[in-house]
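As structure tokens, the structure follows; a few thoughts come after it.
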Amino acid sequence: KAGVTQTPRYLIKTRGQQVTLSCSPISGHRSVSWYQQTPGQGLQFLFEYFSETQRNKGNFPGRFSGRQFSNSRSEMNVSTLELGDSALYLCASSLVQLGGGEAFFGQGTRLTVV
Amino acid sequence: ILNVEQSPQSLHVQEGDSTNFTCSFPSSNFYALHWYRWETAKSPEALFVMTLNGDEKKKGRISATLNTKEGYSYLYIKGSQPEDSATYLCAFYDNNAGNMLTFGGGTRLMVKP
Numbered sequence: 031k032a033g034v035t036q037t038p039r040y041l042i043k044t045r046g047q048q049v050t051l052s053c054s055p056i057s058g059h060r061s062v063s064w065y066q067q068t069p070g071q072g073l074q075f076l077f078e079y080f081s082e083t084q085r086n087k088g089n090f091p092g093r094f095s096g097r098q099f100s101n102s103r104s105e106m107n108v109s110t111l112e113l114g115d116s117a118l119y120l121c122a123s124s125l126v127q128l129g130g131g132e133a134f135f136g137q138g139t140r141l142t143v144v
Numbered sequence: 097i098l099n100v101e102q103s104p105q106s107l108h109v110q111e112g113d114s115t116n117f118t119c120s121f122p123s124s125n126f127y128a129l130h131w132y133r134w135e136t137a138k139s140p141e142a143l144f145v146m147t148l149n150g151d152e153k154k155k156g157r158i159s160a161t162l163n164t165k166e167g168y169s170y171l172y173i174k175g176s177q178p179e180d181s182a183t184y185l186c187a188f189y190d191n192n193a194g195n196m197l198t199f200g201g202g203t204r205l206m207v208k209p
């Protein structure tokens, strides 16, 4: 079956702009979670959506937001981009709520802010 | 902020060696402990999700144990192969502090042929 698909794979944006990243989960999975990976901070949890509701959010400013659609596809938005937002953004989908089962990760979106 | 620590940070072994590494996590409000393998240029891949104290799980040459009372998990690789070279991540899920998955910094394993 198809895996988790993230688009775009690479993105270059200018400081101050906003960006939207997309994640299509594995069919039937209702949980989508997002992560930021930077060399200095490792893999950090951003938020999780389950059945179109945000369940939880990590320690990130309000510039980071997301949503989930009725088909479980999810988008993540970052407004007023800063240089420090340059990172690999991963999404993962799970059959059940995060924690209860394994997460299946996409290949990520590499965002560079210049 | 929850503290999940992995040791060692990196490990170089010869093909055929057996190895193990540690994940330490808070012993309170435990819900689950995940292990993932992350190969370069690929996505993280789930190895185990462990929920019960004393749990032992095995997948091929890789196995893991869990001690929730003292807050640690061990990952073992028997007879390491070059294809085992990857970063191994553990992630702690608690059911109190916001229901999030907190990752350790990872152990980078390099297996020399």
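Protein sequences, first through last, are from chains R and U.
Quick note: the first sequence uses my numbering, first residue 31, plus one each step.
Quick note: the second sequence uses my numbering, first residue 97, plus one each step.
Glycine included, C-beta positions come from ideal geometry on N, C-alpha and C.
Along the region 175-199 of chain U, going in chain order, the ones with a CB nearer than 7 Å to a CB of chain R are 185, 189, 194, 195, 196, 197, 198, 199. Under the 8 Å Cβ criterion, the region 141-160 of chain U does not count as touching the region 97-113 of chain U, having fewer than three qualifying pairs.
Here residue 197 of chain U really is in contact with residue 75 of chain R; their C-beta atoms are around 5 Å apart, less than 8 Å. Here residue 128 of chain R carries a coil assignment [DSSP, helix/strand/coil]. Using a CB distance cut-off of 8 Å, residue 75 of chain R counts as an interface residue toward chain U. For residue 124 of chain U, not one C-beta of chain R is nearer than 8 Å to its own C-beta. Closer than 9 Å at the C-beta level to chain U, one finds these residues of the region 117-144 of chain R: 120, 122, 127, 128, 129, 130, 131, 132, 133, 134, 135, 136, 137, 138. If one requires a minimum length of 3 residues, the beta strand (DSSP E) runs lying completely within the region 156-180 of chain U are 158-163, 168-173, in chain order. Closer than 8 Å to the CB of residue 39 of chain R there is not a single CB belonging to chain U.
Using a Cβ-Cβ cut-off of 8 Å, residue 104 of chain U does not count as an interface residue toward chain R, since no Cβ of chain R sits closer than that to its own. Identification of chain U residues near residue 63 of chain R by a Cβ-Cβ cut-off of 8 Å yields 197, ordered along the chain.
By DSSP's assignment, residue 113 of chain U forms no beta bridge with any residue. Looking at R:71, R:77, R:123, the one whose alpha-carbon comes closest to that of residue 108 of chain R is R:77. Scanning its chain for C-beta atoms nearer than 7 Å, with the 5 sequence neighbours on each side dropped, one finds no residue around residue 124 of chain U.
Looking at R:114, R:83, R:131, the one whose alpha-carbon comes closest to that of residue 100 of chain R is R:83. If you check each beta-carbon in the region 141-175 of chain U against every beta-carbon of chain R, the ones closer than 7 Å belong to 142, 145. Residues 102 of the same chain have their beta carbon placed closer than 6 Å to that of residue 201 of chain U, with the five preceding and five following residues left out of the count. Assigned with DSSP and collapsed to three states, residue 190 of chain U falls in strand. Cβ-Cβ separation between residue 160 of chain U and residue 171 of chain U: approximately 5 Å, consistent with a contact (criterion under 8 Å).
The C-alpha of residue 153 of chain U lies about 20 Å from the C-alpha of residue 113 of chain U. Contact annotation: in the region 69-96 of chain R, residues whose CB is within less than 8 Å of a CB in chain U are 72, 73, 74, 75, 78, 85, 86, 87, 88, 89. Taking a C-beta distance under 8 Å as the contact criterion, residue 38 of chain R and residue 142 of chain R do not qualify as a contact pair.
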